[in-house]
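Enquirer: To start, I am sharing the structure in question, which I have written as structure tokens.
There are 4 protein chains.
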Amino acid sequence: MFDEPCMDVAHLGHVELLTPTPDASLAFFTATMGMTEAGRHGGSVLLRGWDDYERCSLILTASHTSGLGHAAFRVRSPQALARRVAALEREGAGIGWVDGLGHGPGYRFHDPDGHVLEIYYETERYVAPEALRPALKNQAQRYPARGCNVRRLDHFNCLAVDVRANREFFQRALGFRLTEHIVLDSGEEAGMWLTATNKSYDFAYTKEAHGIPGRFHHVTFALDSREDILRAADVFLEAGVPIETGPHKHAVQQTFFLYVYEPGGNRVEVANAGARLILAPDHQPVTWTETERKKGQAWGLKTVESFHTHGTPPLPPPPDGGAVAGQDDLAEKGIAS
Amino acid sequence: MFDEPCMDVAHLGHVELLTPTPDASLAFFTATMGMTEAGRHGGSVLLRGWDDYERCSLILTASHTSGLGHAAFRVRSPQALARRVAALEREGAGIGWVDGLGHGPGYRFHDPDGHVLEIYYETERYVAPEALRPALKNQAQRYPARGCNVRRLDHFNCLAVDVRANREFFQRALGFRLTEHIVLDSGEEAGMWLTATNKSYDFAYTKEAHGIPGRFHHVTFALDSREDILRAADVFLEAGVPIETGPHKHAVQQTFFLYVYEPGGNRVEVANAGARLILAPDHQPVTWTETERKKGQAWGLKTVESFHTHGTPPLPPPPDGGAVAGQDDLAEKGIAS
Amino acid sequence: MFDEPCMDVAHLGHVELLTPTPDASLAFFTATMGMTEAGRHGGSVLLRGWDDYERCSLILTASHTSGLGHAAFRVRSPQALARRVAALEREGAGIGWVDGLGHGPGYRFHDPDGHVLEIYYETERYVAPEALRPALKNQAQRYPARGCNVRRLDHFNCLAVDVRANREFFQRALGFRLTEHIVLDSGEEAGMWLTATNKSYDFAYTKEAHGIPGRFHHVTFALDSREDILRAADVFLEAGVPIETGPHKHAVQQTFFLYVYEPGGNRVEVANAGARLILAPDHQPVTWTETERKKGQAWGLKTVESFHTHGTPPLPPPPDGGAVAGQDDLAEKGIAS
Amino acid sequence: MFDEPCMDVAHLGHVELLTPTPDASLAFFTATMGMTEAGRHGGSVLLRGWDDYERCSLILTASHTSGLGHAAFRVRSPQALARRVAALEREGAGIGWVDGLGHGPGYRFHDPDGHVLEIYYETERYVAPEALRPALKNQAQRYPARGCNVRRLDHFNCLAVDVRANREFFQRALGFRLTEHIVLDSGEEAGMWLTATNKSYDFAYTKEAHGIPGRFHHVTFALDSREDILRAADVFLEAGVPIETGPHKHAVQQTFFLYVYEPGGNRVEVANAGARLILAPDHQPVTWTETERKKGQAWGLKTVESFHTHGTPPLPPPPDGGAVAGQDDLAEKGIAS
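Protein chains in written order, with this note's numbering: chain A, 37 to 373; chain B, 37 to 373; chain C, 37 to 373; chain D, 37 to 373.
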């Protein structure tokens with residue numbers, strides 16, 4: 037689609053989560069996850085990990101339900117912003133310009149599944165107040181030594197009714213590169229992982245099982261090491277946070293993962309970005325087959341049913357009053373679906 | 037220098053080390069470091085870490101002395117290669133085209149200090165033989181479970197008589213970005229760290245104390261975690277490999293480091309790239325002052341004298357027959373200088 | 037049973053495993069587990085971890101089937117040996133004296149379930165050959181830097197038809213102390229963990245589901261850290277070793293576990309003994325109820341069915357030719373039951 | 037000295053530190069070290085790590101100076117207490133019975149160097165208040181997820197003018213076992229490490245360089261892993277706590293260490309007890325020579341001068357008004373000596 041690799045998008049900037057329980061969600065992200073509040077605006081609280089260089093990487097917004105508010109990418113230059121806005125307008129995907137929260141003007145757009153996304157260039161760098169000033173000047177903020185000690189935002193994952201259409205949109209309009217995907221025997225794409233950086237992915241989309249657009253799967257924060265993920269499992273256990281699955285290692289992308297639910301119902305992952313980098317400018321995407329995925333995760337753990345079925349906002353009640361697949365698993369773990 | 041960030045260089049590809057003890061050096065890199073041989077050509081052996089996607093990341097070449105043969109960067113596209121060759125020719129730095137070892141045609145050039153460098157686009161992807169085929173298809177090679185288990189090449193460090201001139205050359209001709217540097221009270225630059233990727237540096241140049249051009253400081257390989265660096269220290273101890281300093285954490289770049297000497301006399305580092313990424317496309321370089329650097333490393337370890345003085349190839353004997361600074365330290369550790 | 041704590045047993049010394057595939061089992065323990073051969077006698081090979089101070093901690097014996105040969109404890113003194121032999125004879129449990137393999141005279145006895153056990157005092161300290169001599173004189177053997185790098189034998193686990201009777205036997209005759217146990221709603225004991233040291237357990241017995249005496253559940257080797265267990269999972273994955281479950285953290289004893297099958301069919305665990313110590317001389321046993329155990333492991337992982345049903349030697353085929361519970365799970369993972 | 041190993045002492049129970057800055061010291065131990073207050077009595081605050089089973093493992097007592105108040109060992113039984121008191125009285129070392137703080141009646145005594153020590157049997161088990169109740173019933177207290185997350189008291193280290201006399205006293209009167217010691221070329225003992233448990237040491241005495249009796253070197257708390265020690269270094273750096281040396285690995289005992297100074301001037305170590313256990317009931321002490329110790333620590337770090345000279349309480353000013361060896365090093369690190 038491009039003569040040369042398009043490098044216009046620099047990185048994932050922040051994710052806005054909607055929560056029907058804003059106070060409990062805020063307590064979860066600050067006390068248990070170890071993130072830092074960096075401002076408030078209306079019903080939104082800005083939050084950050086200690087290594088995020090911008091003012092915030094998570095915006096928590098009070099709402100009647102859960103799910104994704106929006107996700108935003110920072111582009112590499114003003115010129116890159118102009119090029120990408122033009123491309124999004126050609127796609128007919130544009131929503132328009134907004135004042136950014138924690139950054140300068142942002143251009144909002146829809147992906148084919150209806151999620152709201154944003155690109156921006158001008159941003160606010162975090163300036164730590166005295167009490168949070170780090171000992172080393174090449175660090176954004178003092179290491180908190182509290183809860184899970186979230187280092188930085190890593191990626192997010194949306195559900196999509198048509199995974200392939202969404203992948204092609206992001207590759208075509210924004211120049212993201214595909215690193216891995218799952219292709220079912222039917223030829224349908226069940227999952228795709230895209231990157232704008234040397235990270236192996238900046239976001240992923242997986243198959244929505246119920247045909248409902250615009251749903252959210254999870255947001256992921258990077259901790260420092262696999263040992264930190266194990267420790268986070270202890271922290272979640274002690275804090276009474278429902279653990280869905282993990283710690284274990286994904287076969288896809290080899291991420292060392294741990295999934296929990298924040299009080300508002302959104303799935304949250306802590307993961308170890310580790311030393312894994314995609315350095316090849318012409319990386320050949322890895323295609324996983326249906327048979328390969330049935331083997332479970334890297335060390336043999338079976339993927340829990342709820343992982344394929346649960347997203348936010350919750351599904352509307354089925355017309356027949358029956359149960360939603362995976363709900364029993366979650367109910368057993370104290371997770372409202 | 038560029039209207040927009042120049043993304044033409046994709047990543048560091050490989051480093052060629054010269055060694056006067058090729059057999060012992062090869063044994064060090066395979067048995068102790070846990071690297072894998074991936075071919076031979078003339079007096080050179082190609083070596084790789086288990087996560088390097090190209091055929092090799094280290095070329096070990098028999099020579100009468102030690103030091104850097106050359107270092108090579110892969111560029112992002114054929115067009116990028118043409119642009120950078122043109123820029124190097126404008127600088128008058130070009131040496132000319134060579135047949136690559138482990139990759140396609142490479143263009144060689146000199147930096148202002150006289151080191152030989154190379155850029156190339158076409159490459160050979162590593163295809164693991166049956167015995168080294170990994171269990172997961174998104175991995176280049178089976179995890180060796182041997183020695184230090186080098187994951188991939190991380191960076192290299194040269195000595196330069198004029199650090200600033202070399203930095204400006206790499207920024208101007210190749211579009212590298214400065215992330216951190218040391219500026220002495222005199223205004224002289226004593227060290228600089230440049231990146232082409234989201235890693236915080238792909239190579240560094242530090243001040244040559246004796247005014248001799250073209251010398252080499254060290255090559256660094258990434259292990260997975262800080263725990264792996266500690267384990268590597270045990271492995272080196274057991275194998276009788278001279279440890280110069282570490283494990284400890286650098287203040288500059290916060291790298292968790294361990295420096296040893298391979299049998300040929302070259303300094304080798306194992307480090308933990310960790311989760312640290314430079315995501316900002318407009319990262320503001322961190323400047324360290326002379327006073328700040330005198331504080332030692334992050335947790336207070338004083339920098340060993342030999343670190344400022346020892347490089348390869350060795351210095352010519354002083355005309356007065358006296359000792360070279362730092363040699364006593366090294367002699368005590370069993371390191372020939 | 038004792039006026040004062042009985043300290044006569046010093047520690048678990050070694051475990052003898054029977055294997056119908058001696059060559060493959062030996063290759064597993066040396067190449068994949070990273071243990072060292074320390075002698076042969078008849079059909080037995082003596083093996084050891086790098087931190088075991090005695091000559092061996094595992095004896096691998098060729099046999100027509102799998103299971104436990106015997107397990108042996110070293111006592112604290114010659115006087116302690118005499119006292120314990122007298123007590124075992126009073127119990128009517130004695131088998132008699134044998135020449136030890138890797139140690140001096142041993143006294144063999146049966147537990148109520150029919151497993152063969154042994155106590156001894158005189159032993160052979162390991163003396164490393166030149167090539168395996170450690171750098172530090174307070175270490176038994178050079179760190180191997182190979183495979184899983186087993187540090188030392190940690191514990192073993194037998195199945196027993198009557199767990200309580202076996203527990204009381206070991207407490208009464210040998211002075212072991214109970215640290216944790218599982219008591220079902222029926223009052224039946226389903227599992228018990230006993231210690232002679234400051235480790236939280238030196239062996240465990242769990243309920244045999246089929247009423248067949250003398251069966252073996254697993255032997256466990258200690259690695260250094262939780263990170264080493266995660267790495268071991270990668271090593272097993274790469275080597276094609278069937279992983280049954282883990283890595284995860286047990287609720288009981290909080291052991292960080294990983295269970296695999298060696299080629300002879302015996303279950304083997306690698307675990308992290310970590311910093312957990314039972315220091316209280318009057319430790320109050322922790323009793324887990326049936327309800328508590330149904331919650332799964334510490335972070336919520338459900339206990340796999342095969343863990344409750346699979347032991348060695350394999351069960352005789354059911355008279356009706358039907359399947360044995362848990363066999364399907366194992367077959368799927370490539371484990372012959 | 038004993039016909040059979042004497043097992044009367046069960047473990048180190050607690051250490052009382054004197055501090056001239058009680059508020060700052062308390063803040064250090066709770067906020068930075070992550071310990072929990074468990075009561076107050078007079079000028080003393082009782083503190084504990086999350087895995088200590090007794091009410092407290094550290095007593096912080098306001099005083100005009102720094103140093104050791106006393107150290108206390110729990111014995112294995114009432115009978116053991118009677119035997120050891122009798123032995124101490126035979127030695128003429130007894131001070132007499134005291135009401136214990138956090139435990140039952142304690143018998144105090146002097147070692148030959150004049151330090152105050154105590155033995156006791158009856159104790160108070162910690163009962164966590166609701167807010168600190170752990171998720172797993174086999175754990176004393178909720179994991180704090182704060183600061184360095186001290187797990188438990190590990191050992192203490194005193195200075196002694198005559199190391200050998202003190203070692204022989206503890207072996208003779210209390211049955212401690214010697215695991216390692218340093219013997220100088222002159223035959224003088226410069227350091228000794230004794231244990232009552234399966235830990236490789238419960239306390240150590242090293243040579244007092246100035247001939248002043250009753251001084252204290254450091255108290256050590258166990259964290260979970262080497263990674264936790266590295267993280268603690270970051271926590272200390274961020275909190276402005278003076279780091280004396282480390283993290284690094286001792287050759288003696290192979291402890292992974294990090295030494296800092298608490299605000300009252302006492303040296304505090306965090307260390308990783310790891311999987312290292314002394315299981316042999318007849319462990320042969322390891323003797324380190326002067327030459328071996330001059331090699332520095334395990335990976336080559338030179339022992340800092342202040343480690344040989346600094347203890348608490350501080351030395352009286354030299355009569356000639358000159359400097360005390362090692363003071364310059366400490367002053368540079370912001371440590372008042």
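Positions of the beta carbon are idealized from the N, C-alpha and C atoms, including for glycine. Keep in mind it's a predicted model, so treat the numbers as computed, not measured.
With 16 other CB atoms within 10 Å as the buried threshold, where does G85 (chain C) fall?
Expert: Counting from 1 along the third sequence, the entry for residue 85 (chain C) is found at position 49. Per the 10 Å Cβ criterion, buried.
Enquirer: Find the residues of chain B that neighbour R262 (chain A), judging by a C-beta separation of less than 8 Å, and give them in chain order.
Expert: As a first step, residue 262 (chain A) must be located in the first sequence, where it is residue number 226. Going along chain B in sequence order, the residues near R262 (chain A) (Cβ under 8 Å) are S261.
Enquirer: Alpha carbon to alpha carbon, how far is L259 (chain B) from N185 (chain B)? Give it in angstroms, no decimals.
Expert: Position 149 of the second sequence, counting from 1, holds the residue named residue 185 (chain B). Position 223 of the second sequence, counting from 1, holds the residue named residue 259 (chain B). Inter-residue distance for N185 (chain B) and L259 (chain B) is about 7 Å (C-alpha atoms, whole angstroms).
Enquirer: Give the residues of chain A in contact with L266 (chain C), contact being defined as C-beta atoms less than 7 Å apart.
Expert: Locating residue 266 (chain C) in the third sequence gives position 230, counting from the first residue. In chain order: R262.
Enquirer: Rounded to a whole number of angstroms, what is the C-alpha to C-alpha distance between F206 (chain D) and G347 (chain D)?
Expert: In the fourth sequence, the residue the question calls residue 206 (chain D) occupies position 170. In the fourth sequence, the residue the question calls residue 347 (chain D) occupies position 311. Taking the straight line joining both Cα atoms gives about 21 Å.
Enquirer: Spatial neighbours of A287 (chain B) within its chain, please: CB distance less than 8 Å, with the 5 preceding and 5 following residues excluded, ordered by chain position.
Expert: Within the second sequence, residue 287 (chain B) is the residue found at index 251, counting from 1. Counting only Cβ-Cβ distances below 8 Å, and skipping sequence neighbours, we find W324, E328, R329, K331, G332, Q333 and A334.
Enquirer: Here's the rule I'm using: 16 or more other beta-carbon atoms within 10 Å means buried, otherwise exposed. How should E305 (chain B) be labelled?
Expert: Counting from 1 along the second sequence, the entry for residue 305 (chain B) is found at position 269. The residue is buried, with at least 16 neighbouring Cβ atoms inside 10 Å.
Enquirer: A334 (chain B) versus chain D: which residues are under 9 Å apart at the beta carbon?
Expert: Working through the second sequence from its first residue, we reach residue 334 (chain B) at position 298. Ordered by position in chain D, the residues that pass the 9 Å Cβ test against A334 (chain B) are A269, D270 and L273.
Enquirer: Locate the alpha helix (DSSP H) running through N202 (chain B), then write down its first and last residues.
Expert: For this step, residue 202 (chain B) is matched to residue 166 along the second sequence. That run of the alpha helix (DSSP H) goes V199 to L210.
Enquirer: Using only alpha-carbon positions, find the residue among A:Q177, A:V255 and A:W133 that is nearest to Y157 (chain A).
Expert: Translated into the one-based positions of the first sequence, residue 157 (chain A) becomes position 121. When the alpha-carbon of Y157 (chain A) is set against those of A:Q177, A:V255 and A:W133, the nearest one is in A:W133.
Enquirer: Under the rule that 16 or more other beta-carbon atoms within 10 Å means buried, what is G78 (chain C), buried or exposed?
Expert: For this step, residue 78 (chain C) is matched to residue 42 along the third sequence. Exposed: under 16 other Cβ atoms inside 10 Å.
Enquirer: Look at the Cβ atom of V111 (chain D), then the Cβ atom of P317 (chain C), and state whether they are nearer than 9 Å.
Expert: Residue 111 (chain D) sits at position 75 when you count from the first residue of the fourth sequence. Residue 317 (chain C) sits at position 281 when you count from the first residue of the third sequence. Taking 9 Å as the Cβ cut-off, V111 (chain D) and P317 (chain C) qualify as a contacting pair.
Enquirer: Need the endpoints of the alpha helix (DSSP H) that T345 (chain C) sits in, please.
Expert: In the third sequence, the residue the question calls residue 345 (chain C) occupies position 309. Counting along the chain, the alpha helix (DSSP H) containing T345 (chain C) begins and ends at E341 to T345.
Enquirer: Between L83 (chain C) and E90 (chain C), how many whole angstroms is the CB-CB distance? I'm expecting something under 8 Å.
Expert: If you number the third sequence from 1, residue 83 (chain C) lands on position 47. If you number the third sequence from 1, residue 90 (chain C) lands on position 54. Between E90 (chain C) and L83 (chain C) the Cβ distance is about 12 Å, and since that is not below 8 Å, they are no contact.
Enquirer: Rounded to the nearest angstrom, what separates G150 (chain A) and H246 (chain A) at their Cα positions?
Expert: In the first sequence, counting from the first residue as 1, residue 150 (chain A) sits at position 114. In the first sequence, counting from the first residue as 1, residue 246 (chain A) sits at position 210. When rounded, the distance between both Cα atoms is 15 Å.
Enquirer: For T68 (chain B), count the other beta carbons within 10 Å of its own beta carbon; 16 or more makes it buried, fewer makes it exposed. Which is it?
Expert: Taking the second sequence and counting its residues from 1, the one referred to as residue 68 (chain B) is at position 32. Residue burial is scored here from C-beta neighbours: T68 (chain B) has at least 16 other C-beta atoms within 10 angstroms and is therefore classed as buried.
Enquirer: What runs of the alpha helix (DSSP H), each 4 residues or longer, lie entirely inside the segment 232–304 of chain D?
Expert: 262–275
Enquirer: In the structure shown, what three-state DSSP assignment does S373 (chain B) receive?
Expert: Counting from one through the second sequence, the residue named residue 373 (chain B) turns up at place 337. Here the model assigns S373 (chain B) a pLDDT of 43, short of 50, so the residue's position is not dependable, and the following value carries that caveat. S373 (chain B): coil per DSSP, three-state reduction.
Enquirer: Taking the Cβ atom as the reference point for each residue, do A108 (chain A) and G300 (chain A) lie within a distance shorter than 9 Å?
Expert: For the purposes of this step, residue 108 (chain A) is taken as residue 72 along the first sequence, with counting starting at 1. For the purposes of this step, residue 300 (chain A) is taken as residue 264 along the first sequence, with counting starting at 1. Cβ atoms of A108 (chain A) and G300 (chain A): not closer than 9 Å.
Enquirer: CB R200 (chain B) to CB E166 (chain B), shorter than 9 Å?
Expert: For this step, residue 200 (chain B) is matched to residue 164 along the second sequence. For this step, residue 166 (chain B) is matched to residue 130 along the second sequence. Not in contact: R200 (chain B) and E166 (chain B) (Cβ atoms no closer than 9 Å).
Enquirer: Mapping the DSSP letters down to three states, classify E52 (chain C) as helix, strand or coil.
Expert: Locating residue 52 (chain C) in the third sequence gives position 16, counting from the first residue. In this structure, E52 (chain C) counts as strand in the three-state DSSP scheme.
Enquirer: With distances taken from CA atoms, which of C:D238, C:F293, C:P249 and C:T242 is nearest L266 (chain C)?
Expert: In the third sequence, the residue the question calls residue 266 (chain C) occupies position 230. The residue with the shortest Cα to Cα distance from L266 (chain C) is C:F293.
Enquirer: Three or more C-beta pairs closer than 8 Å, one from the segment 115–125 of chain A and one from the segment 166–175 of chain A: is that the case here?
Expert: With contact defined as three or more Cβ pairs closer than 8 Å, the segment 115–125 of chain A and the segment 166–175 of chain A are not in contact.
Enquirer: Would you mind giving the Cβ-Cβ distance between T242 (chain C) and H191 (chain C), rounded to the nearest angstrom? I have them listed as a contact below 8 Å.
Expert: Taking the third sequence and counting its residues from 1, the one referred to as residue 242 (chain C) is at position 206. Taking the third sequence and counting its residues from 1, the one referred to as residue 191 (chain C) is at position 155. So it is not a contact: roughly 12 Å between Cβ atoms.
Enquirer: Smallest Cα separation from L189 (chain B): which of B:H139, B:Q177 and B:H47?
Expert: What you label residue 189 (chain B) is simply residue 153 of the second sequence in a count that begins at 1. Taking only the C-alpha atoms, the option nearest L189 (chain B) is B:H47.
Enquirer: Check the Cβ-Cβ distances between A287 (chain B) and every residue of chain C, and say whether any is below 9 Å.
Expert: To locate residue 287 (chain B), count along the second sequence from 1; it is residue 251. A287 (chain B) does not count as touching chain C.
Enquirer: Given that M43 (chain B) touches chain A, what residues does it touch there, using C-beta distances under 7 Å?
Expert: Within the second sequence, numbered from 1, the residue matching residue 43 (chain B) stands at position 7. Correct list: M43.
Enquirer: Run through the DSSP bridge pairs and tell me what Y156 (chain A) is partnered with.
Expert: Locating residue 156 (chain A) in the first sequence gives position 120, counting from the first residue. Paired residue(s): A:R110 and A:G142.
Enquirer: R182 (chain A) versus chain D: which residues are under 9 Å apart at the beta carbon?
Expert: As a working note, residue 182 (chain A) is residue 146 in the first sequence. Correct list: A181, R182 and G183.
Enquirer: Where G142 (chain D) and A232 (chain D) are concerned, what is the direct C-alpha to C-alpha distance, given to the nearest angstrom?
Expert: Indexing the fourth sequence from 1 puts residue 142 (chain D) at position 106. Indexing the fourth sequence from 1 puts residue 232 (chain D) at position 196. Distance from the CA of G142 (chain D) to the CA of A232 (chain D), rounded to the nearest whole angstrom, comes to 18 Å.
Enquirer: Tell me the rounded alpha-carbon separation between E341 (chain D) and E280 (chain D).
Expert: As a first step, residue 341 (chain D) must be located in the fourth sequence, where it is residue number 305. As a first step, residue 280 (chain D) must be located in the fourth sequence, where it is residue number 244. Cα to Cα, the separation comes out at about 10 Å.
Enquirer: Taking only the alpha-carbon atoms, compute the straight-line gap between D87 (chain D) and T345 (chain A) and give it to the nearest angstrom.
Expert: As a working mapping, residue 87 (chain D) is identified with position 51 in the fourth sequence. As a working mapping, residue 345 (chain A) is identified with position 309 in the first sequence. Those two C-alpha atoms are separated by around 39 Å.
Enquirer: What number of angstroms, rounded off, separates the C-alpha of S373 (chain D) from the C-alpha of G75 (chain C)?
Expert: Start at 1 with the first residue of the fourth sequence, and residue 373 (chain D) comes out as number 337. Start at 1 with the first residue of the third sequence, and residue 75 (chain C) comes out as number 39. At S373 (chain D) the pLDDT is 44, less than 50, meaning the model places this residue with poor confidence and gives no usable figure here.
Enquirer: Using a beta-carbon distance cut-off of less than 7 Å, what residues from the segment 135–161 of chain A approach chain B?
Expert: none
Enquirer: Drop a sphere of 10 angstroms on the beta-carbon of Q289 (chain A), count the other beta-carbons inside from all chains shown, and report buried for 16 or more, exposed for fewer.
Expert: The sequence position of residue 289 (chain A) within the first sequence is 253, counting from 1. Buried, since its Cβ has 16 or more Cβ neighbours within 10 Å.
Enquirer: Could you tell me the alpha carbon to alpha carbon distance between N302 (chain A) and L195 (chain B), rounded to whole angstroms?
Expert: As a working mapping, residue 302 (chain A) is identified with position 266 in the first sequence. As a working mapping, residue 195 (chain B) is identified with position 159 in the second sequence. Distance between the alpha carbons of N302 (chain A) and L195 (chain B) is about 51 Å.
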